[in-house]
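Participant:
Number of protein chains: 2
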Amino acid sequence: MAKKELSIEQKIKYVQDTLFVISGKWKLPIMIAINNGNNRFRDIQRAVPNITTRVLSKELKDLEENRLVVRTVYDSLPVTVSYTVTPYCKSLKPMVDEMIKWGENHRAMLKKIKPA
Amino acid sequence: MAKKELSIEQKIKYVQDTLFVISGKWKLPIMIAINNGNNRFRDIQRAVPNITTRVLSKELKDLEENRLVVRTVYDSLPVTVSYTVTPYCKSLKPMVDEMIKWGENHRAMLKKIKPA
DNA sequence: CTGTATCCATGATGATACTG
DNA sequence: CAGTATCATCATGGATACAG
């Protein structure tokens, strides 16, 4: 089956959809952190530099609503909470990998044209 | 040469770099529009739904500063201005393509779980 | 056509303190 | 440990009018 070519209007619409879901400074870094084995609230906060508890709390809720992250409460003493990424979240990986690659290259380029 | 594995700290840093450059609702849609042959201010505005002149003007300046877009003034009568994307801008393509793909799929998924 | 100038609303983020 | 509550600030974006 031939690949369908999207119109420019569709491309713009879909990119904006994606931007909306991952918008802000924190959502992708949080998902990367969780995906790397930081499942506890505190671990995530340590893994994502400079994020405050208030913002982390809110972002986690957003990610839950978008079905990218699952929050599980364990009935231990004391209660522990674990965050994990969903299979759906993993579908972001190709895109995120491209973003990491581009960011790495971009930083190198900036160094060239404007060395510290 | 083996591919270098990035640490989670680096991944987060590079993703945030990228997010910083493409942040906001408009930068990518604008680049897509220009890349699709909309080179005049007015054409870009038509191609990107709902953007105001004020915002478009500001975003184009940001993109110029980031060396993603070039502004050229032609000394005709009346003066015409042409915007084009740079080769560097094209390096965003793999990432943007992934974003388009993901956004398309995401919209389809939302329809399934919450049909209008 | 290609913008600039105001003014304003909203949301995103930050600092800090506090709770179970 | 895992958050919530408040308060403050700032950037983004939108409406509208106007200028060269």
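Note that the protein sequences, when read in sequence, are chains A and B.
Convert by adding 211 to the 1-based position in the first sequence; the result is the number in my numbering.
Convert by adding 211 to the 1-based position in the second sequence; the result is the number in my numbering.
All residues carry an ideal CB built from backbone N, CA and C; glycine is no exception.
Closest to GLU270 of chain B by C-alpha separation, out of B:SER234, B:GLN227 and B:THR297, would be which residue?
Facilitator: As a first step, residue 270 of chain B is located in the second sequence; it is residue number 59 there, counting from the start. Comparing Cα positions, the closest option is B:SER234.
Participant: Can a CB atom of chain B be found closer than 8 Å to the CB of ALA319 of chain A?
Facilitator: By 1-based counting over the first sequence, the position of residue 319 of chain A is 108. No - not a single Cβ of chain B is within 8 Å of the one on ALA319 of chain A.
Participant: Under 8 Å Cβ-Cβ, which residues of chain B neighbour THR229 of chain A?
Facilitator: On the first sequence, position 18 is the one that residue 229 of chain A refers to. Neighbours of THR229 of chain A on chain B, chain order: MET310, ILE311, TRP313, GLY314 and HIS317.
Participant: Less than 8 Å between the CB atoms is what I'm expecting for TYR294 of chain B and ILE245 of chain B, so what's the real figure, rounded?
Facilitator: The residue given as residue 294 of chain B occupies position 83 in the second sequence. The residue given as residue 245 of chain B occupies position 34 in the second sequence. About 5 Å separates the two Cβ atoms, so the contact holds.
Participant: DSSP on ARG282 of chain A, reduced to helix/strand/coil?
Facilitator: Against the first sequence, residue 282 of chain A aligns to sequence position 71. Reduced to three states, the DSSP call for ARG282 of chain A is strand.
Participant: With which residues is SER287 of chain B paired in a DSSP beta bridge?
Facilitator: Counting from 1 along the second sequence, the entry for residue 287 of chain B is found at position 76. Per DSSP, none; premise fails for SER287 of chain B.
Participant: Could you tell me whether any Cβ in chain A is nearer than 8 Å to the Cβ of LEU267 of chain B?
Facilitator: Within the second sequence, the letter at position 56 stands for residue 267 of chain B. Judged by the 8 Å Cβ criterion, LEU267 of chain B is not in contact with chain A.
Participant: Does ASN247 of chain B have its Cβ less than 8 Å from a Cβ in chain A?
Facilitator: Residue numbering aside, residue 247 of chain B sits at position 36 when the second sequence is read from its first letter. By this cut-off, ASN247 of chain B is an interface position.
Participant: Name the chain B residues whose beta carbon is nearer than 8 Å to that of SER302 of chain A?
Facilitator: In the first sequence, counting from the first residue as 1, residue 302 of chain A sits at position 91. Under the 8 Å cutoff, chain B gives TRP313 and ASN316.
Participant: Taking any Cβ of chain B, which residues in the stretch 282-294 of chain A have a Cβ under 9 Å from it, in chain order?
Facilitator: The stretch 282-294 of chain A vs chain B, Cβ under 9 Å: nothing.
Participant: For LYS238 of chain B, is the classification buried or exposed, using 16 other Cβ atoms within 10 angstroms of its Cβ as the cut-off for buried?
Facilitator: Taking the first residue of the second sequence as position 1, residue 238 of chain B is located at position 27. Flag for LYS238 of chain B reads buried.
Participant: Can you tell me whether LYS222 of chain B is buried or exposed, with buried defined as 16 or more other CB within 10 angstroms of its CB?
Facilitator: Indexing the second sequence from 1 puts residue 222 of chain B at position 11. Flag for LYS222 of chain B reads buried.
Participant: At 8 Å on the CB atoms, spell out the chain A contacts of VAL226 of chain B, in chain order.
Facilitator: By 1-based counting over the second sequence, the position of residue 226 of chain B is 15. The contacting residues are LEU239, PRO240, ILE243, VAL307, MET310, ILE311 and GLY314.
Participant: Using a C-beta cutoff of 8 Å, does ILE223 of chain A count as contacting chain B?
Facilitator: By one-based count along the first sequence, residue 223 of chain A stands at place 12. Chain B contact via Cβ: present.
Participant: Taking contact to mean at least 3 C-beta pairs separated by less than 8 Å, is the stretch 260-276 of chain A in contact with the stretch 307-321 of chain A?
Facilitator: No: fewer than three Cβ pairs fall under 8 Å.
Participant: Can the beta-carbon of VAL292 of chain B be found closer than 8 Å to that of PHE252 of chain B?
Facilitator: The residue you call residue 292 of chain B lines up with position 81 of the second sequence. The residue you call residue 252 of chain B lines up with position 41 of the second sequence. Going by C-beta atoms, VAL292 of chain B is nearer than 8 Å to PHE252 of chain B.
Participant: What is the rounded straight-line gap between the Cα of VAL226 of chain A and the Cα of ALA258 of chain A?
Facilitator: Residue 226 of chain A sits at position 15 when you count from the first residue of the first sequence. Residue 258 of chain A sits at position 47 when you count from the first residue of the first sequence. Each residue's Cα considered, the two are about 28 Å apart.
Participant: Taking C-beta to C-beta, are ILE243 of chain B and ILE219 of chain A nearer than 8 Å?
Facilitator: By one-based count along the second sequence, residue 243 of chain B stands at place 32. By one-based count along the first sequence, residue 219 of chain A stands at place 8. Yes, Cβ-Cβ distance for ILE243 of chain B and ILE219 of chain A is below 8 Å.
Participant: Please identify the residue among B:LYS323, B:THR263 and B:HIS317 whose C-alpha is closest to the C-alpha of LEU230 of chain A.
Facilitator: In the first sequence, residue 230 of chain A corresponds to position 19, counting from 1. Checked all of B:LYS323, B:THR263 and B:HIS317; the closest Cα to LEU230 of chain A is B:HIS317.
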